[in-house]
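> Supplied in structure tokens, the structure appears directly below.
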Amino acid sequence: MSSQKIAVEIINIGDELLYGSIANTNAQWMSEYLSEAGFRVLRHMVIADEQEAIVQALQEAMQRAQVVLLTGGLGPTKDDVTKLALCRLFGTELRLYPEALAHLKEMFMLRGRSLSALNEQQAALPAGAIYLQNEKGTAPGIWMNDSAGRVVVAMPGVPHEMQHLMQEQVVPRLLKTFAVEPLLHFHVKTVGIGESQLAEQIATWEEALPAHIKLAYLPSFGQVKLRLTATGKDRTLLQEDIKEQLRRLLPLIDKYVFGFEQETLEEVVAALLRKSGKTIAVAESCTGGYLAHSFTKIPGSSAYFQGGVVTYSNRAKIDILGVLPSTLEKEGAVSEATVLQMATAVRARFRADIGLATSGIAGPGGGTTTKPVGTIWVAYADAEAAKAALYRLGNDRLFNIKVTTALLLDWLRKKLGGRAHEFEDFFV
């Protein structure tokens, strides 16, 4: 069988998705994961928890795609309509799967609950289906094939359950079923440079890319992820091609590159702090605790994160950090002098090696002619000196908070040595 691009359609089932009660994060995650594996996602559909709607959507999707993946509509209640729709489509009926029932009993026993007749229905699957055990929940995955070799897979709509099934069972089985054309992605993570400026800086390099390597720009809150995608017949050769392009790219944007592949800025900073043996404390005003969260959300952060304070009011800045009232009166809370005192004070109060501080006008109101919304001061203090930087951002509050945090983390990253890994580390 020659390798090819296998077409996939995704159907997400749930009235709550149609009503906009919750965001359809499953479609985004599934598309990215499937694309990484070499599949071509043709279409997303969101449909109601209705048997007729599911059957119709499946019939349409199977005319276009070799693989159809469904999420939602599986459960012990009346919402369990997906299995009935599959029975109609494949001309079969539900039957009890002993292995599914055994897993259900085990899951309920671990939770200290007894298995009811209603819950037991989850072990009934369309006859002829392949049972995919859900290690993260009770609703199983269901794999079905038709006579034309097309595949339909139903999974629970709970994101972490669906993701586990996709990673551990569905995609590995798809890769065994279909000869997928070799495809290689590699991600370069940048911060502190906008998409258009980045594109200008690497324009000559991008224009010279060989035809089998494509570049995508994926911006998000002060960061831009560059995704290189190479297609061909030999994965080893594709890796060498990607590495050669990275050797040409990085000298052009090195100071903006904080990491590669799945590394996050927070993870890189955490790794550098652990390596340096230094500790840190933060004093926040406009970021309101988001900066501290960027440290504490990483497991093991207690090894280097000493603590933080949110001194939102002037009184808090004076009482907790000892910012001089005269500074606040003369310069204002959003000023170089104020953040320098904040960073120095929080470092001393927590006996940390490094102190960081933020103070600004996050918006959407509160700006003045001299200090418009988006005016942000940040500071870095260590044993040698304290320095401040001014950012001029936009009018969106959440954007300003997230971008301020990203830019300050990047400043810290550079102080700590730059990167936790180089791109060669990902090709071992």
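Under full-length UniProt numbering, the residues of the sequence shown are numbered 1 to 428, in order.
From the three backbone atoms N, C-alpha and C, an ideal C-beta is built for every residue, glycine too.
1. Quick one: does the C-beta of G259 sit closer than 7 angstroms to a heavy atom of the ligand ADP?
2. Determine, using beta-carbon pairs with one atom in the stretch 49-60 and one in the stretch 179-193, whether at least three such pairs fall under 8 angstroms.
3. With H, G and I counted as helix, E and B as strand and the rest as coil, what does DSSP make of E261?
4. Have a look at L291, S335, D234, R419 and flag the residue whose alpha-carbon is nearest the alpha-carbon of K371.
5. Assuming T405 and Y391 make a contact with CB atoms under 8 angstroms, what is their CB distance in whole Å?
6. Could you pull out every residue in the same chain whose Cβ sits closer than 8 angstroms to the Cβ of Q121, ignoring the five residues on either side in sequence?
7. Using DSSP with H/G/I as helix, E/B as strand and the rest coil, what is I54?
8. Consult DSSP for R111 and reduce its assignment to one of helix, strand or coil.
9. In chain order, what residues of the same chain lie with their CB nearer than 6 angstroms to the CB of V346, ignoring the 5 residues before and after it?
10. Any chance the stretch 377-390 sits against the stretch 154-162, with 3 or more Cβ pairs inside 8 angstroms?
11. Pairs of beta-carbons, one from the stretch 88-97 and one from the stretch 35-44, closer than 8 angstroms: are there three or more?
12. In chain order, what are the residue ranges of uninterrupted beta strand (DSSP E) at least 3 long that sit wholly in the stretch 271-310?
13. Assuming G365 and T375 make a contact with CB atoms under 8 angstroms, what is their CB distance in whole Å?
14. Below 6 angstroms CB to CB, which residues in the same chain sit around A357 once its five sequence neighbours on both sides are set aside?
15. In terms of alpha-carbon separation, which member of F426, I202, T236 lies closest to L252?
16. Quick one: which unbroken alpha helix (DSSP H) runs of 4-plus residues sit fully inside the stretch 142-214? Chain order, please.
17. Roughly how many whole angstroms lie between the Cα atoms of E240 and L84?
18. Buried or exposed, going by whether 16 or more other CB atoms sit within 10 Å of the CB of H103?
19. Rounded to a whole number of angstroms, what is the C-alpha to C-alpha distance between K320 and K255?
20. Compare the C-alpha of D396 against each of V428, C286, R248 and name the closest.
21. Using beta-carbon positions only, say whether G222 and K414 come within less than 8 angstroms of one another.
22. Could you check the C-alpha separation between G73 and A154 for me, to the nearest Å?
23. Using only the alpha-carbon positions, how far apart do R173 and G308 sit?
24. What's the gap between the Cα of V8 and the Cα of L18?
25. In whole angstroms, what is the alpha-carbon distance linking F295 and G141?
26. Using DSSP with H/G/I as helix, E/B as strand and the rest coil, what is H103?
27. Just checking my contact of A270 with S301 at CB under 8 angstroms: how many whole Å lie between their CB atoms?
28. Report the CB separation of K189 from K243 in whole angstroms; it is logged as a contact under 8 angstroms.
29. Which residues mark the beginning and the end of the alpha helix (DSSP H) in which K402 is found?
30. Could you pull out every residue in the same chain whose Cβ sits closer than 7 angstroms to the Cβ of A148, ignoring the five residues on either side in sequence?
31. Contact defined as beta carbons within less than 8 angstroms: I believe P182 pairs with K105. What is the distance between those atoms, to the nearest angstrom?
32. Name the DSSP beta bridge partners of Q223, please?
33. Taking the alpha carbon of P210 as the point to measure from, which residue in E200, Q197, L238 has its own alpha carbon closest?
34. Just to confirm the assignment, what range does the beta strand (DSSP E) spanning K387 have?
35. The beta strand (DSSP E) spanning R43 covers which residue range?
36. Work out the CA separation of K5 and R150 for me, nearest whole Å.
Reading it off the structure:
1. Ligands displayed in this structure: none; no statement on the ligand ADP is therefore possible.
2. no
3. One-based indexing of the sequence shown puts residue 261 at position 261. It is coil, neither helix nor strand.
4. Here residue 371 refers to the residue found at position 371 when the sequence shown is read from its first residue. If we check each option's Cα against that of K371, S335 comes out closest.
5. On the sequence shown, position 405 is the one that residue 405 refers to. On the sequence shown, position 391 is the one that residue 391 refers to. Actually they do not touch by this definition, with Cβ atoms about 11 angstroms apart.
6. Within the sequence shown, numbered from 1, the residue matching residue 121 stands at position 121. Answer for Q121: P76, D80, listed in chain order.
7. Counted from its first residue, the sequence shown places residue 54 at position 54. DSSP places I54 in helix when its eight states are reduced to three.
8. In the sequence shown, residue 111 corresponds to position 111, counting from 1. The answer is coil: DSSP assigns R111 none of H, G, I, E or B.
9. One-based indexing of the sequence shown puts residue 346 at position 346. A281, A283, G355.
10. no
11. no
12. 280-284, 305-310
13. On the sequence shown, residue 365 is found 365 positions in, with the first residue counted as 1. On the sequence shown, residue 375 is found 375 positions in, with the first residue counted as 1. That belief does not hold up - the Cβ atoms of G365 and T375 are roughly 13 angstroms apart, past 8 angstroms.
14. The residue labelled residue 357 in the question sits at position 357 within the sequence shown. Closer than 6 angstroms at Cβ, skipping near neighbours: A283, V339, M342, A343, A379.
15. Here residue 252 refers to the residue found at position 252 of the sequence shown. Residue I202 is the option with its Cα nearest to L252.
16. 159-165, 171-177, 195-201, 203-207
17. Within the sequence shown, residue 240 is the residue found at index 240, counting from 1. Within the sequence shown, residue 84 is the residue found at index 84, counting from 1. Each residue's Cα considered, the two are about 49 angstroms apart.
18. Looking up residue 103 in the sequence shown gives position 103. It counts as buried.
19. Walking along the sequence shown from the start, residue 320 turns up at place 320. Walking along the sequence shown from the start, residue 255 turns up at place 255. For the sequence presented, residue 320 should be read as Ile rather than Lys. Near 36 angstroms, if we compare the C-alpha coordinates of K255 and I320.
20. Along the sequence shown, one-based indexing puts residue 396 at 396. Comparing Cα-Cα distances from D396 to each of V428, C286, R248, the minimum goes to C286.
21. Locating residue 222 in the sequence shown gives position 222, counting from the first residue. Locating residue 414 in the sequence shown gives position 414, counting from the first residue. Not in contact: G222 and K414 (Cβ atoms no closer than 8 angstroms).
22. Indexing the sequence shown from 1 puts residue 73 at position 73. Indexing the sequence shown from 1 puts residue 154 at position 154. Between G73 and A154, the C-alpha separation is close to 9 angstroms.
23. Locating residue 173 in the sequence shown gives position 173, counting from the first residue. Locating residue 308 in the sequence shown gives position 308, counting from the first residue. So the two alpha carbons sit approximately 47 angstroms from each other.
24. Along the sequence shown, one-based indexing puts residue 8 at 8. Along the sequence shown, one-based indexing puts residue 18 at 18. For V8 and L18, the distance between alpha carbons rounds to 21 angstroms.
25. The residue labelled residue 295 in the question sits at position 295 within the sequence shown. The residue labelled residue 141 in the question sits at position 141 within the sequence shown. Distance between the alpha carbons of F295 and G141 is about 36 angstroms.
26. As a working mapping, residue 103 is identified with position 103 in the sequence shown. In this structure, H103 counts as helix in the three-state DSSP scheme.
27. By one-based count along the sequence shown, residue 270 stands at place 270. By one-based count along the sequence shown, residue 301 stands at place 301. Contact flag correct, Cβ pair sits at about 6 angstroms.
28. One-based indexing of the sequence shown puts residue 189 at position 189. One-based indexing of the sequence shown puts residue 243 at position 243. No, K189 and K243 are not in contact; Cβ-Cβ is about 17 angstroms, not under 8 angstroms.
29. Position 402 of the sequence shown holds residue 402. Here the alpha helix (DSSP H) through K402 covers 397-416.
30. Within the sequence shown, residue 148 is the residue found at index 148, counting from 1. Answer for A148: no residue qualifies.
31. Along the sequence shown, one-based indexing puts residue 182 at 182. Along the sequence shown, one-based indexing puts residue 105 at 105. With 8 angstroms as the limit, P182 and K105 do not qualify as a contact, their Cβ atoms being about 42 angstroms apart.
32. If you number the sequence shown from 1, residue 223 lands on position 223. Paired residue(s): V191, S220.
33. Locating residue 210 in the sequence shown gives position 210, where the first residue counts as 1. Ranking the options by Cα distance to P210, first place goes to L238.
34. Translated into positions along the sequence shown, residue 387 becomes position 387. K387 -> beta strand (DSSP E) spans 386-392.
35. Numbered from its first residue, the sequence shown carries residue 43 at position 43. R43 -> beta strand (DSSP E) spans 40-47.
36. In the sequence shown, counting from the first residue as 1, residue 150 sits at position 150. In the sequence shown, counting from the first residue as 1, residue 5 sits at position 5. Their backbone Cα atoms lie some 14 angstroms apart in a straight line.
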